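Protein chains in written order, with my numbering: chain A, 44 to 371; chain B, 44 to 371.
Here the structure comes first, spelled out in structure tokens, and everything after it is commentary.
Number of protein chains: 2
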Amino acid sequence: MARGFVTAEEVAKRAGVSRSAVSRTFTPGASVSQSVRRKVLQAARELGYRVNRLAQGLNNDRSNLIGVVGTNLSAPFISKQLDLLSIGLLRRGLQCLLLNAADARKDIAPLIELLFEFRAQAIVVLSGEPPSSIVDECIANGVRLILVNQRLDRTDTNMVLSDDSRGADLAALRLIAAKCKKVAVVSSGSQTPAQVRRATAFTQRVQTAGIEVVAWSDGPTSYESGYQAGCDLLRDKRIDGAFCVTDLLALGFLDAARIEMHRRVPQDVSIVGFDDIPQAGWKSYELTTIAQSLSALTDNVLVALGSDEPATRLQVVPVSMIERKTVR
Amino acid sequence: MARGFVTAEEVAKRAGVSRSAVSRTFTPGASVSQSVRRKVLQAARELGYRVNRLAQGLNNDRSNLIGVVGTNLSAPFISKQLDLLSIGLLRRGLQCLLLNAADARKDIAPLIELLFEFRAQAIVVLSGEPPSSIVDECIANGVRLILVNQRLDRTDTNMVLSDDSRGADLAALRLIAAKCKKVAVVSSGSQTPAQVRRATAFTQRVQTAGIEVVAWSDGPTSYESGYQAGCDLLRDKRIDGAFCVTDLLALGFLDAARIEMHRRVPQDVSIVGFDDIPQAGWKSYELTTIAQSLSALTDNVLVALGSDEPATRLQVVPVSMIERKTVR
DNA sequence: TAGATCATTGCGCACGTGTGCATTTTTTTG
DNA sequence: CAAAAAAATGCACACGTGCGCAATGATCTA
């Protein structure tokens, strides 16, 4: 009571029972008589006792901690993902140990190392690019690893990802239907695997349709980069369509087109994004985009966490096109 | 090696030393000879050993865990806050245990209870409304509590908050300078303490200037609520100014004004927001708003976490007006 | 070289909990 | 009411680590 937390020992003493009795009182399904249970609960309440989960995890070897690591946590799409995931974890009685990797490439590995030290039961990587070697380490230590929207070329870890190439296809088909003559593919300079998949799938599809394509990629994955892309690319008056591999990029591009470069959207230029972040639906934008199902993505992660033997290592979540007003 | 993690015991055996030697090798400043240290490190690397921080925390009583609890984690302002905070924590060697309170009022208390069970060293409340009683519990258990943008009427806990009334004043003065005749105050239905402070301070200042005020508040703190507010309020043609207590609300209001209610901004209606979220600076909006200094807010939280005896219980962070294009 | 100082090492306890095992108490059965 | 079955209870060990304490070995001083 003096300082720090109350221990089961103290509760036992006050209730006049053994420490085991206290432990059993708080262990569902253990064998305790009604009278003892009452006395223990009474004493526990008076002293403000709470089980020490760390000590609990020490001999259980169930820490109940799930490591979540990611970059760019305030980007709309990722923050929404984190929001849903953290709620889902809590519902299942799991705790979320959040590690923010400031630098996508260099920081991930040491952070996962750190999660090992905390004996995380499983690790979810939301963004950033983990080296393939950590998969082996996870397996060696019996830690389940779940990669979201990432694709490593191995079959011994869980991956949940949106159908990027299908999404890029949808975007391409839509721009083809809009009779675009020359289109741009805009991505960031970070070149994450997902962005690359989208860009290449789109390029391929559009090229086989005989449409001219120009690629742009620079800067972080942000509104500002998209804006810059718009300013750069639309000097070319022949460009009449654009696929931005991320909604943030698309919204920046859209603003550049309308405000800086005086284009009408969709009459002069058609634009398609990817993700369907909330801002894409705002009235000033009404962006036509490829929607990832955030709930499906999250549900799959939670399932992969829950099941003892993962049924499917690779979960591809379907995407869909949201028709709004930025394509002719 | 068979399953689970490697223990210091196993490393000791392989290196041919005592377990203490292993412990000391990984304890900075402990006394170990070069030769032993080398042998231990070698064995540790071969076996893939990592210290068990949970066990470490058990006798240190330093868990190194910081509980972070909040609502509405995907809202731009809060997600940015979380982003900065999680980076700052990591820099200081602290871990972030994230708890997402789905329901602002009911969930906070049990979540903090949970954090006690994990022996969190400190608890940061980013949003939501913790009952005053938990302050006592934190003190009783020696857990530091830090409330962000919240104000409890007590002096025995740490609070870091933006200068809401000053911000509201700035907004009011600006709208007065724009010669508004009738202004609206828009807030959400959740009526968080911060929102209430802003709304009342604004109302008071504007009323003493003899300007007519109408209040609106409903729904969650979202773009959509702001949009709804705009549609409702602007039926009244006499309203020529609005203060939205949150940028999200302001952006919705702005879109409603321009697109749905055919008002010119700022010629017909002047709008001021609060927070300065990234979207406020986007070219389609260029919202004039009151900026909270996110970095100052976060820094103060980190300082409050770090210092042993908190110098100031109540930290008020200054705000500033960002002049953009939505006020005449 | 003998004595003194200092670095290194191992033993054992402590942290707070869950649980197997043997023992005691209660309940059920015939 | 006696015997058997069942429930309740306490003891002691295990989980993995840090650290105080005493003992050992190495280095330095005169």
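Glycine included, every Cβ here is placed at the ideal spot set by N, Cα and C.
If you're wondering where the values come from, they're calculated on a predicted model, not measured in any experiment.
Check, Outcome
"Based on the DSSP output, what are the partners of R135 of chain B in its beta bridges?", "Per DSSP, none; premise fails for R135 of chain B."
"Quick one: which chain A residues come within Cβ less than 7 Å of N143 of chain B?", "D126, S129, I130, L133"
"With a 10 Å radius around its C-beta and 16 neighbouring C-beta atoms as the bar for buried, classify S63 of chain B as buried or exposed.", "exposed"
"For V112 of chain B and I219 of chain A, I'd like the C-alpha separation in whole angstroms.", "47 Å"
"So which residues on chain A does I302 of chain B lean against when the C-beta distance must stay under 7 Å?", "K326"
"Could you please give the first and the last residue of the uninterrupted beta strand (DSSP E) stretch that includes L277 of chain A?", "Per DSSP, L277 of chain A belongs to no beta strand (DSSP E) and is neither H nor E."
"So, using beta-carbon positions, are Y125 of chain B and L116 of chain B closer together than 9 Å?", "For clarity, residue 125 of chain B is Leu in the given sequence; the question names Tyr instead. Yes, they are a contact pair."
"Would you list, in chain order, the members of the region 62-94 of chain A that have their beta-carbon closer than 7 Å to a beta-carbon of chain B?", "G91, R93, V94"
"Ignoring anything shorter than 3 residues or poking outside the region 62-125 of chain A, list the beta strand (DSSP E) runs there in chain order.", "108-113"
"Determine whether the beta carbon atoms of D319 of chain B and A300 of chain B lie at a separation below 9 Å.", "no"
"Would DSSP call T235 of chain A helix, strand or coil?", "coil"
"Near L158 of chain B, which residues of its chain fall below 6 Å by C-beta distance, leaving aside the five closest residues on each side in sequence?", "G110, I166"
"DSSP puts R311 of chain B in a beta bridge; with which residues?", "At residue 311 of chain B the sequence reads Asp, which differs from the Arg that was named. Partner(s): none; D311 of chain B has no beta bridge."
"Can you name the start and end residues of the beta strand (DSSP E) that S260 of chain B belongs to?", "255-260"
"Would DSSP call D318 of chain B helix, strand or coil?", "strand"
"Give the DSSP bridge partners of M364 of chain B, in chain order.", "B:I333"
"So the alpha helix (DSSP H) I302 of chain A belongs to, where does it begin and stop?", "Segment: none, I302 of chain A is in no alpha helix (DSSP H) and carries neither H nor E."
"Would you say F296 of chain A faces chain B, with C-beta separation under 9 Å as the test?", "no"
"Could you list the residues in the region 242-274 of chain B with a C-beta less than 8 Å from some C-beta on chain A, going in chain order?", "Y266, Y270"
"Closer than 9 Å, CB to CB, is S106 of chain B near chain A or not?", "yes"
"Given that a residue counts as buried once 16 or more other Cβ atoms are within 10 Å of its Cβ, and exposed if not, what is Q238 of chain A?", "buried"
"Would L195 of chain A count as contacting chain B if we go by Cβ distances under 9 Å?", "no"
"Check whether the Cβ atoms of S313 of chain B and R217 of chain B sit closer than 9 Å, and answer yes or no.", "yes"
"Is there a C-beta anywhere in chain A that falls below 9 Å from the one on R162 of chain B?", "yes"
"Using beta-carbon positions only, say whether R105 of chain A and A86 of chain A come within less than 9 Å of one another.", "no"
"Taking the C-alpha atoms as reference points, what is the distance between Q138 of chain B and N103 of chain A?", "22 Å"
"Select from the region 305-333 of chain B all residues with a C-beta closer than 8 Å to any C-beta belonging to chain A, and list them in chain order.", "P321, Q322, W325, K326, S327, Y328"
"With a threshold of 16 other CB atoms inside 10 Å of the CB of T251 of chain B, please say whether the residue is buried or exposed.", "exposed"
"Could you name the residues of chain B that N373 of chain A contacts, counting a contact when the two beta carbons are closer than 9 Å?", "The requested residue 373 of chain A does not occur in the structure, where chain A is confined to residues 44 to 371."
"According to DSSP, simplified to helix, strand and coil, what is A147 of chain B?", "coil"
"Does the CB of G185 of chain A have a neighbour CB from chain B at under 9 Å?", "yes"
"In the DSSP assignment, find the beta strand (DSSP E) that holds G284 of chain A and state where it starts and stops.", "284-287"
"By how many angstroms is the C-alpha of M202 of chain B removed from the C-alpha of C181 of chain B?", "14 Å"
"Taking the alpha helix (DSSP H) that S208 of chain B belongs to, which residues open and close that run?", "207-220"
"Please compile the residues from chain A whose C-beta is within a distance smaller than 8 Å of the C-beta of G47 of chain B.", "D104, N184, G185"
"Give me, in chain order, the residues of the same chain whose beta-carbon lies closer than 7 Å to that of E366 of chain B; leave out the 5 immediate sequence neighbours on both sides.", "T331"
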